[in-house]
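Chemist: Structure below; questions to follow.
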Amino acid sequence: MAREKATAAQALCMRGYLLTALFSVWINLIHGIKIQPIPEYPVVNQPVTLSVSDISGTIISFSWYKGLSTDNSTLILTYILSSNPVETPGPQHFPQASGLPNGSLRISKIANRKIYTVQIQADSLTQASINLPVYVPLDKPTISLHNSRPKTHEEVTLYCDSGKREVQKYTWSRIDGRFPSGVKFSHDNSSMTIPRIIRSDVGQYRCEVENQVSKNISDPYTLSLYCVCVEPSNCTGICVGIVGSLLITFAAILLYMRSILSVRQWQTDKYLSVLKTVKVNSKHDQPTQNPNVIDGTTGQNTVEEPSYPEYSTVDSGYMGLQDRSYHIYNDLDMKGARHG
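Counting with the numbering used here, you get residues 291 to 630 for the letters of the sequence shown.
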């Protein structure tokens with residue numbers, strides 16, 4: 291009987307211990323310490339404070355670690371309020387890190403994303419971790435078009451490029467009108483597609499990028515169409531240009547023909563002048579009748595008439611004229627020698 295009472299008492303004690311342990315775990319889960327970055331969105335190369343809250347009791351000491359482990363090899367610093375100095379650096383200490391009496395860690399210049407863990411000794415030993423994000427201000431985005439010479443009714447896609455920065459939100463806008471009909475956006479809104487571009491879609495577009503710490507907007511991008519066409523408003527100028535070119539060409543042809551005819555006329559006048567001179571000289575040098583020469587058939591005196599080649603047309607140029615003049619003078623010399 292006594293043994294059964296002892297066994298029952300031990301069972302009650304074990305249940306009490308289990309309930310106490312479970313209660314302690316529940317208290318830690320509900321009222322555990324928390325780490326919050328200040329500012330909420332840390333900016334690269336700017337200061338940040340990892341603030342610890344919900345500490346139960348008075349802080350005796352605390353330690354900060356890099357990563358999730360609390361091994362000595364990952365220790366950044368240990369802070370003991372009762373010691374002098376209060377702060378002792380660990381293997382992972384860096385100059386920008388320093389502890390604060392309330393258990394927080396201040397970093398004067400944050401470089402990149404890391405996990406930090408704090409372990410605090412107060413009424414009990416508690417710890418918490420934080421994956422500290424670091425944000426980079428966004429540069430001015432640029433808009434690009436893979437098809438630089440789009441034609442009517444072709445698909446056109448505009449891309450908003452923000453470099454390698456993490457963008458939380460993309461926004462598109464058109465400066466000089468409404469968005470084209472049927473425009474489509476990618477899942478993250480970083481690109482805009484016009485299925486069938488037409489002339490009314492031509493204009494200036496912009497894209498805006500935004501993250502937790504900055505916002506920036508691109509310069510206007512002019513979307514144009516490539517086509518070989520003539521606008522009605524430009525037809526008059528083009529037609530006038532064509533007619534003017536034809537008139538200038540026609541005038542140049544007339545001037546050329548006139549110069550050719552002038553040369554031809556000069557050659558003809560020169561030839562006729564030479565021919566007239568030859569005939570005049572021929573009349574002066576004509577031989578007189580010789581009474582001693584009597585035609586045996588008719589019994590009349592005969593006179594030998596000089597024979598000349600017939601020149602009735604001007605058919606070649608100035609070179610032909612020189613050749614004929616040479617023959618005329620040659621015949622005159624022969625006739626003069628005969629009668630002399």
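Heads up, the beta-carbon is just placed ideally off N, CA and C, and yes, glycines get one too.
1. Please classify MET482 as buried or exposed, where buried requires at least 16 neighbouring CB atoms within 10 angstroms.
2. In angstroms with no decimal places, state the Cα-to-Cα distance between LYS566 and THR539.
3. Can you give me the C-alpha to C-alpha distance between ARG489 and LEU428, rounded to a whole angstrom?
4. Do the CB positions of GLN409 and ILE397 come within less than 8 Å of each other?
5. Give every residue of the same chain whose Cβ lies closer than 8 Å to the Cβ of PHE352, excluding the five residues on either side of it in the sequence, and list them in chain order.
6. Which residues does DSSP pair with TRP462 in a beta bridge?
7. Using a Cβ-Cβ cut-off of 8 Å (strictly less than) and excluding sequence neighbours within five positions of ILE320, which residues of its own chain qualify?
8. Among GLU498, SER480, PHE475 and SER434, which residue has its Cα nearest to the Cα of SER463?
9. Let me confirm a value: LYS356 is counted as buried when at least 16 other C-beta atoms fall within 10 Å, else exposed. Which label applies?
10. Ignore the nearest five residues each way along the sequence and tell me which others in GLY322's own chain have a CB closer than 8 Å to its CB.
11. Check ILE328 in the structure and name its three-state DSSP category.
12. Rounded to whole angstroms, what's the CA-CA distance from SER563 to TRP556? Just pull it up for me.
13. Quick one: is ASP491 buried, meaning 16 or more other Cβ sit within 10 Å of its Cβ, or exposed?
14. Output needed for PRO381: all residues of its chain with C-beta closer than 8 Å, excluding positions within five of it in sequence on either side, in chain order.
15. Helix, strand or coil: how does DSSP classify ALA642 here?
16. Would you list the one or two residues that DSSP bridges to ASN506?
17. Assuming GLU456 contacts ASN501 (C-beta within less than 8 Å), just tell me the rounded distance between them.
18. Go ahead and pull the three-state DSSP assignment for LYS441.
19. Compare the Cα-Cα distances from PRO470 to each of LEU448, GLN458 and SER480 and report the closest residue.
20. Buried or exposed, going by whether 16 or more other CB atoms sit within 10 Å of the CB of VAL553?
21. Using 8 Å as the threshold, is the C-beta distance between TYR679 and SER480 below it?
22. For VAL564, which of helix, strand or coil comes out of DSSP?
23. Could you give the distance in angstroms between the alpha-carbon of ARG548 and the alpha-carbon of ALA541?
24. Could you give the DSSP three-state label for ARG631: helix, strand or coil?
25. Using only CA atoms, which one of TYR406, ILE350, PRO332 and ASN402 lies nearest to LEU360?
26. So, helix, strand or coil for GLN555, using DSSP?
27. Exposed or buried, which one is PRO391 when buried takes at least 16 other CB atoms within 10 Å?
28. How many Å lie between ARG486 and SER514 at the Cα?
29. Using the Cα positions of GLY589 and ASP559, report the straight-line distance between them to the nearest angstrom.
Modeler: Once the coordinates are examined:
1. buried
2. 41 Å
3. 33 Å
4. no
5. VAL342, THR368, TYR369, GLY389, GLY393, VAL408, GLN409, ILE410 and GLN411
6. CYS497
7. Reliability fails at ILE320, whose pLDDT of 49 lies under 50, so the model's placement of it is uncertain and the value that follows must be treated cautiously. Nothing listed; no residue qualifies.
8. GLU498
9. buried
10. ASP344, THR416 and ALA418
11. strand
12. 11 Å
13. buried
14. ASN362, SER363, THR364 and LEU365
15. Residue 642 falls outside the range modelled here, since the chain spans only 291 to 630, and no answer is possible.
16. VAL499
17. 6 Å
18. coil
19. LEU448
20. exposed
21. Residue 679 is absent from the model: the chain starts at 291 and stops at 630.
22. helix
23. 10 Å
24. With the chain represented from 291 up to 630, any question about residue 631 goes unanswered, as that position is not in the structure.
25. Checking the sequence, you will find Thr at residue 360 rather than Leu. Measuring from the Cα of THR360, the nearest candidate turns out to be TYR406.
26. helix
27. exposed
28. 13 Å
29. The predicted model places GLY589 with a pLDDT of 45, which falls under 50 and marks its position as unreliable, so this point remains unresolved.
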